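In the working numbering, the protein residues as written are -13 to 228. Report on the structure given below.
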Ligand SMILES: Nc1ncnc2c1ncn2[C@@H]1O[C@H](COP(=O)(O)OP(=O)(O)OP(=O)(O)O)[C@@H](O)[C@H]1O
Ligand SMILES: [Mg+2]
């Protein structure tokens, strides 16, 4: 579903993605972990072309990433993204946030879009918040709305960039529960997270990045029980102490 081949990306002199090869099969859940600044967010952003790459190739469902225009808008609709900071439209209700993309981009009739949106809001447990504005919701509720909004576009893959790291501890679980439910339901997911419990329970593979390179790409059991590289051992020893 997602295929990166020899992808390189620079910010000026800084080589942030180095010969990245990564493939994510349909229905697969890949967790990306690694130290701050290793290129995890940049990797996500290149996959839906929020950042252009300097060399290599990215394919979604077999198609190379379009550079611009209608084809790019279509790609963005196929590749959902959920950010740390929710990014909901502040002046639209929860329901409007979820129906906007389907109506504008997918050209769904309003009634159909609303019916589907309510189904999704029920699925993520916030249907009773539909007429409120984002600021009236807790962080965990906002993030679940953001997930419903991504799902409403019927994407082929959803990228999550640290979806729980801006949340209070008691809200993390409610968001992770929704993500585990999606993973079990067969959604193709790329998830940048420090939630090692999620990685162990829901990931098919863990990708460990350091300095713009993928150093390990293995099952969670293999990775957590016997990391191969010193960088990964060092990283795990730091986070697992907490
Ligand atoms: N727009 C930009 N312009 C210049 N440098 C950037 C830009 N975005 C990211 N960088 C740099 O690229 C490197 C990789 O950043 P990135 O945000 O992908 O890391 P990350 O692994 O997501 O880190 P974190 O865990 O802190 O979120 C960092 O050195 C960062 O400072
Ligand atoms: Mg990041």
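A virtual CB, placed ideally from N, CA and C, is assigned to each residue, including glycine. In this text, all values refer to a predicted model and were calculated from it rather than measured experimentally.
Check: Count the other CB atoms, across all protein chains shown, that sit within 10 Å of the CB of residue -3; report buried if there are 16 or more and exposed otherwise.; Outcome: exposed
Check: Residue 8: buried (16+ other C-beta within 10 angstroms of its C-beta) or exposed?; Outcome: buried
Check: Could you check if residue 148 belongs to the surroundings of ligand 2, using beta carbon to heavy atom distance under 7 Å?; Outcome: yes
Check: By Cβ distance below 8 Å, which residues in the same chain neighbour residue 203 in space, the five residues on each side in sequence not counted?; Outcome: 8, 191, 192, 193, 194
Check: The alpha helix (DSSP H) spanning residue 221 covers which residue range?; Outcome: 216 to 225
Check: Quick check: what's the CA-CA separation for residue 2 versus residue 89?; Outcome: 36 Å
Check: Using only CA atoms, which one of 35, 131, 13 lies nearest to residue -13?; Outcome: 13
Check: Cα-Cα, which of 40, 171, 168 is closest to residue -1?; Outcome: 40
Check: For ligand 1, which residues count as neighbours when the test is a C-beta closer than 5 Å to any heavy atom?; Outcome: -3, 2, 22, 23, 24, 25, 26, 27, 28
Check: Hey, residue 33 and residue 176: beta-carbon distance below 8 Å or not?; Outcome: yes
Check: With H, G and I counted as helix, E and B as strand and the rest as coil, what does DSSP make of residue 142?; Outcome: coil
Check: Thinking C-beta only, is residue 174 closer than 8 Å to residue -7?; Outcome: no
Check: Where are the alpha helix (DSSP H) runs, 4 residues long or more, that stay fully inside the segment 61 to 94, in chain order?; Outcome: 80 to 90
Check: Could you tell me the boundaries of the beta strand (DSSP E) in which residue 207 lies?; Outcome: Segment 206 to 211 is the alpha helix (DSSP H) holding residue 207; no beta strand (DSSP E) there.
Check: Could you check whether the Cβ of residue 210 sits closer than 8 Å to any Cβ belonging to chain C?; Outcome: Among the chains of the structure shown, chain C does not appear; only one protein chain is present.
Check: Is residue 16 near ligand 2, judged by its Cβ being under 7 Å from some heavy atom?; Outcome: no
Check: Nearest-angstrom Cα distance between residue 44 and residue 30?; Outcome: 12 Å
Check: Let me check understanding here. Comparing Cα to Cα, which of 104, 49, 69 lies closest to residue 151?; Outcome: 69
Check: So, using beta-carbon positions, are residue 15 and residue 136 closer together than 8 Å?; Outcome: no
Check: Hey, how far is the Cα of residue 183 from the Cα of residue 64?; Outcome: 28 Å
Check: Among the residues of its own chain, which have a CB less than 7 Å from the CB of residue 110, if the five just before and after it don't count?; Outcome: 130, 133, 134, 164
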